[in-house]
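Participant: Please find one structure pasted underneath; my questions will follow.
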Amino acid sequence: MSNHPPLPRLAEGPLTDALSDTPVVLVHGPRQCGKTTLARQVGDRLGFAYLNLDDDAARRAAQDDPAGFVARLPERVIIDEVQRAPEIFLPLKMEVDHRRKPGRFLLTGSTNVLLLPKMADSLAGRMGSIRLHPLAQCELERREPT
0 MSNHPPLPRL
10 AEGPLTDALS
20 DTPVVLVHGP
30 RQCGKTTLAR
40 QVGDRLGFAY
50 LNLDDDAARR
60 AAQDDPAGFV
70 ARLPERVIID
80 EVQRAPEIFL
90 PLKMEVDHRR
100 KPGRFLLTGS
110 TNVLLLPKMA
120 DSLAGRMGSI
130 RLHPLAQCEL
140 ERREPT
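Just so we're aligned, residue 0 is where the sequence shown starts under numbering that gives the first Met the number 0, counting upward by one.
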């Protein structure tokens, strides 16, 4: 593990802003572009719990009882690799409709997650999205973009 501080991302400000006024925010982009790292950095600062649906037990719980899974989630939670359990999209919608509070759910997923019909239908109007790209040169150099 590196002792270097994490690289600041240009998307950090927009993500923080989106969480301040939107119940569900999705960070999406290509594999290995830093979605989880960004979500964890922002989420840790804002007090989010973390759940990864690559974990077999978590994914099975979400798939077997989507409504119960969502009902047991912490008040603010990162759900990493959300495309692994599209069954939770409708229960997330119902939870947001029941308690519409900004910054409840921070989701991460691959670019194609927005193409999943269950997500588009369930979370329309309730979710903001941040497209994350691979690191820009200015991010690598830790400087402001020009």
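Glycine included, each C-beta is placed from N, C-alpha and C at the ideal position. None of these values were measured; they are calculated from a predicted model.
Here's the rule I'm using: 16 or more other beta-carbon atoms within 10 Å means buried, otherwise exposed. How should P29 be labelled?
Facilitator: exposed
Participant: Could you spell out where the beta strand (DSSP E) holding G42 opens and where it closes?
Facilitator: Annotation: G42 is outside any beta strand (DSSP E); the continuous alpha helix (DSSP H) that includes it extends over 34–45.
Participant: Quick one: using the 10 Å Cβ neighbour count with 16 as the cut-off for buried, is S121 buried or exposed?
Facilitator: buried
Participant: With distances taken Cα to Cα, identify the nearest neighbour of R130 among R99, L72, V24.
Facilitator: V24
Participant: Between E80, G67, G46, which has its C-alpha nearest Q31's C-alpha?
Facilitator: Comparing Cα-Cα distances from Q31 to each of E80, G67, G46, the minimum goes to E80.
Participant: Less than 8 Å between the CB atoms is what I'm expecting for P65 and E86, so what's the real figure, rounded?
Facilitator: 4 Å
Participant: Figure out for me which residue from G12, R83, A48 has the closest Cα to the Cα of A56.
Facilitator: That would be R83, whose Cα lies nearest to the Cα of A56.
Participant: What distance in whole Å lies between the Cβ atoms of P101 and D20, which are believed to be in contact at a cut-off of 8 Å?
Facilitator: 5 Å
Participant: Determine the contact status of P22 and V69, defining contact as a CB-CB distance below 8 Å.
Facilitator: no
Participant: Give me the Cα-Cα distance between F47 and P133, rounded to the nearest whole angstrom.
Facilitator: For F47 and P133, the distance between alpha carbons rounds to 24 Å.
Participant: Just to confirm my understanding: we take A60, look at its own chain, exclude 5 residues before and 5 after, and list those with CB closer than 7 Å. What are they?
Facilitator: F68
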